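S.K.: Take this structure first; my questions come after.
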Amino acid sequence: MYVMFILIGASLVISGGFLIAFLWANKKGQFDDTYTPSVRMLFDDADKIDKKNN
6 MYVMFILIGA SLVISGGFLI AFLWANKKGQ FDDTYTPSVR MLFDDADKID KKNN
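Each residue of the sequence shown is one higher than the one before, counting from 6 in this note's numbering.
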């Protein structure tokens with residue numbers, strides 16, 4: 006029975022840590038733009054032109 010109290014306490018601490026991490030990420034804007042990262046690979050990169058002066 007004593008182990009149950011330890012496990013419940015540990016699970017509350019871990020879940021509290023995940024809640025704090027989620028709130029911190031939400032405050033920093035990690036979830037603001039969910040559309041652009043999924044289509045970023047479809048954007049064309051600008052071609053680099055190397056000019057050599059001879």
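Glycine included, every Cβ here is placed at the ideal spot set by N, Cα and C. From a predicted model like this one, the values you see are computed outputs, not experimental measurements.
In whole angstroms, give me the CA-to-CA distance for Y40 and A26.
M.R.: So the alpha carbons of these two residues sit roughly 22 Å apart.
S.K.: Is DSSP giving G14 helix, strand or coil here?
M.R.: Note: G14 maps to helix in three-state DSSP.
S.K.: As an exercise, report each continuous alpha helix (DSSP H) stretch of at least 4 residues that is fully enclosed by the region 26–51, in chain order.
M.R.: Within the region 26–51, the complete alpha helix (DSSP H) runs of at least 4 residues are 41–44.
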